[in-house]
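Q:
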Amino acid sequence: MLYPEQSQQNQTVFFLILTGLAAGAIASLCPSLPAVLGYLSLVLLPLPIKMMLLGGSEAMFVGLLVLLFWAIVIVGSMKINSNIRENIELRLQSIEREKTIRANEERYRHIFSSAPLGIFQYNVQSVIHDCNDAFVSIIGSSREKLVGLNMLESLKDQGMLSGIKDSLTKGEGYFEGDYSAVTCDKTTPVRVFLKAIRSSKDTIVGGVGIVEDFTEKKWSEQQIRYHTTYDFLTGLPNRRLLLDHLSNEISRSERHGHYGALLFIDLDNFKTINDSLGHSIGDEVLKLVSKRLTENIRREDSAARMGGDEFILILTELDATIERAAEKVRTIAEEISLCISAPCMVEGHEMHITPSIGVSLFPKPGIGSDDILKQADTAMYKAKAAGCNEIRFFSPSMQDAADERLRLHSEIRRALDKEEFTIYYQPQVDKSGRLLGAEALLRWHHAERGMVPPGAFLPVAEETGIMTDIGQWVLRTVCGHIKKWSDSGQLGGSLYISVNISGKEFYTPDFVETVVRIIDETGADPKYLGIELTEGSLISPSVDVVEKFMTLRKLGITFSIDDFGTGYSSLSYLKSLPLNTLKIDRSFVNDIGDSIHGVVLVDTIIM
């Protein structure tokens, strides 16, 4: 309708207007491909259709030109649309990358500032241009003093300087040690890892250092080293440090021609204290003994704790002659024994601690520190065998006795397995001769030695821990006899059979359960069973000890205290125990009426 068919000039103008409308809309519509395609098709396609309808060569030619123009404009629009879309996507990607970079920078800054390790950055001139809070804290200075510091010009520590130079020349450096800051008065044990920062051309443009504060680790290592050489409880040197020190003193004595001595100290009846009053009180006793030792030895001498209740003294530069050296050792040992034995109060309990001391002099040809220690240990056991609270010097015969004790230990174990032990019963009567009961006595019929007296093997059994097994065997055997005799009518009324129980057995945690189990298994009537304990095994009865007494007493078992008067006797603690019999030791009553003091004592107790 709008096409001017009669005027060629008008047709040209109309054609130019359409092409202008088409071209002008491309810029604004290209971002939307459907819009530009629709618009161009609406504007341009009707004209070639009109030309084809009119017919004629000229009209057909114009129509084809318009179609070609339409196709070119469509392809161009699509290309422009594609470019616009790509540009938009690139812009969006650029925005996302910028966000990511900013987030990474913030994350890096957060990590940098809050890292537990110290971090600092420096340029190729070794000038610090950034550092985190941990680095400031480790160095102990301020950020203002650290940032801008030229390390190569200011640092005095050659190890740190060497690490900085290596990082800027070789690519990496390292420093470990005590670093003294130049910006403040502080020395800190540190470990520093230094790494070069390189440009895109692989040239070094600076470096970064990571600093680890070794203060706590160094303290922990010192503590570990300390506890490998010192006793945790008492603070005294332990066995390891003792042997090193002893070896050095033996060598020094050999060079200078003078004698020294090693004193092996063991506390008498300490296990009884530990078991009856508890390990906490036992620990306090050990600390007290340690304090007394360190306060009463010469400056040139040293004390150590072997473990348990065993202590060592090393005496040096005693004398050039062995006789005078031995005299000095005995004097010192007696003074040590007196200072340890002084009465003391530990958490409300009065203690009377005595030591058994073994002595071995050095140097001796071909005898090293281990052997000197063994010799003193052997002498200490000899002191214990003499009745405790004694001092004994090592002699070769003692080593023979120690070897014999070791053989006896093995034979005791075999004797228990081979049933070489037997029980004898010693009647107990009153002053009129009436039978009250009997005491079970353990005897050993050795296949080669014959009858071995109890005094020869029971102390060894106590020392080596076999006594508990022997004690259970004795208790089971006696309960079996009680069952047999009571069933046959041989045992009845108020008669009883008493069994001696060692302190080590009594203080085992499951002692009561063991006694009850054996009674149940054998079927023995507990009213015929009596238990004897020595006075020395009852230092100061604790609640646990009294509870053991009461539990067994309720079953009908009777109790007696043997050897009363041989230790630090205290009549007061007897009130807390359900005792049936108090067996006063012969040494306490012998000749008691021959002196005025003995008579007064008897009268006082009776009153």
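Taking my numbering, the leading residue of the sequence shown gets 672, the next gets one more, and so forth. For every residue, glycine included, the Cβ atom is placed at its ideal position computed from N, Cα and C. Given the structure is predicted, the values throughout are model-derived calculations rather than measurements.
Can you check DSSP and say which residues form a bridge with aspartate 849?
A: DSSP lists Pro860 as partners of aspartate 849.
Q: For methionine 672 and leucine 718, what's the separation of their Cα atoms in angstroms?
A: Note that methionine 672 has pLDDT 46, beneath the 50 cutoff, so the model's placement of it is unreliable and the number below is only indicative. For methionine 672 and leucine 718, the distance between alpha carbons rounds to 11 Å.
Q: As an exercise, report each continuous beta strand (DSSP E) stretch of at least 3 residues that is fully enclosed by the stretch 1119-1169, in chain order.
A: Counting whole runs of 3 or more residues, the stretch 1119-1169 contains the beta strand (DSSP E) stretches 1121-1123.
Q: So what does DSSP say about leucine 1308, is it helix, strand or coil?
A: Not covered by the structure: residue 1308. The range shown for the chain is 672 to 1278.
Q: Does the stretch 1001-1020 come close enough to the stretch 1047-1055 to have 3 or more Cβ pairs within less than 8 Å?
A: Output reads no: the stretch 1047-1055 does not touch the stretch 1001-1020.
Q: Considering Cα atoms alone, identify which of Lys721, Ile720, Leu689 is closest to valine 714.
A: Of Lys721, Ile720, Leu689, the residue nearest in Cα terms is Leu689.
Q: Which of the three DSSP states, helix, strand or coil, is assigned to serine 918?
A: Helix at serine 918.
Q: Apply the 10 Å Cβ neighbour rule to cysteine 855 and answer buried if 16 or more other Cβ atoms are within range, or exposed otherwise.
A: Burial call: exposed.
Q: When you compare only the Cα positions, how much space is there between valine 863 and proline 787?
A: Answer to the nearest angstrom: the Cα atoms are 14 Å apart.
Q: Ignore the nearest five residues each way along the sequence and tell me which others in valine 853's own chain have a CB closer than 7 Å to its CB.
A: Excluding residues within five positions, the ones whose Cβ falls inside 7 Å are Ser825, Leu826, Lys827.
Q: Between leucine 989 and the rest of its own chain, which residues show a CB-CB distance below 7 Å, the 5 nearest in sequence each way excluded?
A: Cβ neighbours of leucine 989 beyond the five flanking positions: His929, Tyr930, Gly931, Ala932, Ala996, Lys999, Val1000.
Q: What residue from Lys1219, Ser1169, Leu1223 has the CA that sits closest to glycine 1201's CA?
A: Nearest option by C-alpha distance: Ser1169.
Q: Grouping DSSP H, G and I as helix and E and B as strand, with all else coil, what is valine 876?
A: Correct three-state label for valine 876: strand.
Q: I think isoleucine 1028 touches phenylalanine 935, with their Cβ atoms under 8 Å apart; what is that distance to the nearest whole Å?
A: 7 Å between Cβ atoms; contact.
Q: Taking DSSP's pairing of strands, which residues face aspartate 937 in a bridge?
A: Its beta-bridge partners are Glu981, Ser1027.
Q: What does the alpha-carbon distance come out to for the pair glycine 1174 and valine 1186?
A: Distance between the alpha carbons of glycine 1174 and valine 1186: 15 Å.
Q: Less than 8 Å separating the beta-carbons of valine 818 and aspartate 837?
A: No, they are not a contact pair.
Q: Tyrosine 1239: buried (16+ other C-beta within 10 angstroms of its C-beta) or exposed?
A: For tyrosine 1239, the predicted structure reports a pLDDT of 48, less than 50, and the residue's modelled location is therefore unreliable. The matter cannot be settled from this model.
Q: Can you tell me whether threonine 1124 is buried or exposed? The criterion is at least 16 other CB atoms within 10 Å of its CB, across all chains shown.
A: Note on identity: in this sequence residue 1124 is proline, with threonine being the wrong assignment. So proline 1124 ends up on the exposed side.
Q: If you count every other CB in all the chains shown that lies within 10 Å of the CB of methionine 1221, and 16 or more means buried, which is it?
A: Classification of methionine 1221: exposed, given that the 10 Å Cβ count is below 16.
Q: Taking the straight line between their C-alpha atoms, what separation do you get for asparagine 967 and glycine 811?
A: If you take the alpha carbons of asparagine 967 and glycine 811, they lie about 45 Å apart.
Q: Quick check: the stretch 951-966 against the stretch 886-901, are there 3 or more CB pairs under 8 Å?
A: With the cut-off at 8 Å, the stretch 951-966 and the stretch 886-901 do not touch.
Q: Would DSSP call phenylalanine 903 helix, strand or coil?
A: Correct three-state label for phenylalanine 903: coil.
Q: Using a Cβ-Cβ cutoff of less than 7 Å, which residues in the same chain neighbour leucine 687 once the five nearest sequence positions on both sides are dropped?
A: If we look at leucine 687 and ignore the five residues flanking it on each side, it has no Cβ neighbours.
Q: Hey, how far is the Cα of glutamine 894 from the Cα of serine 765?
A: One C-alpha to the other measures close to 57 Å.
Q: Please list, in chain order, all residues of the same chain as glutamine 1097 whose beta carbon is under 7 Å from its beta carbon, the five residues on each side excluded.
A: Counting only Cβ-Cβ distances below 7 Å, and skipping sequence neighbours, we find Ala1109, Glu1110, Leu1112.
Q: Going by DSSP, what residue range makes up the beta strand (DSSP E) through aspartate 828?
A: Element bounds for aspartate 828: n/a, residue is neither H nor E.
Q: From alanine 991 to alanine 1013, what distance separates their C-alpha atoms?
A: Going from the Cα of alanine 991 to the Cα of alanine 1013 covers about 33 Å.
Q: Which class does glutamate 843 belong to by DSSP, given the choice of helix, strand or coil?
A: Strand at glutamate 843.
Q: Since histidine 929 is in the alpha helix (DSSP H), which residue starts that stretch and which ends it?
A: Unbroken run through histidine 929: none, as it is neither H nor E.
Q: Under three-state DSSP, which class holds tyrosine 1199?
A: It is helical.
Q: CA-CA distance, proline 1067 and proline 1026?
A: Taking the straight line from one Cα to the other gives about 23 Å.
Q: Assuming leucine 1032 contacts isoleucine 993 (C-beta within less than 8 Å), just tell me the rounded distance between them.
A: Confirmed, about 6 Å.
Q: Enumerate in chain order the residues of its own chain whose CB-to-CB distance from glycine 1151 is below 8 Å, with the five nearest sequence positions on each side excluded.
A: Taken in chain order, the residues that qualify are Thr1193, Ala1195.
Q: When you compare only the Cα positions, how much space is there between leucine 843 and glycine 1037?
A: Note on identity: in this sequence residue 843 is glutamate, with leucine being the wrong assignment. One C-alpha to the other measures close to 55 Å.
Q: Compute the Euclidean distance between the alpha carbons of phenylalanine 1090 and isoleucine 1024, then round it to the nearest angstrom.
A: The displayed chain sequence assigns glutamate, not phenylalanine, to residue 1090. Each residue's Cα considered, the two are about 38 Å apart.
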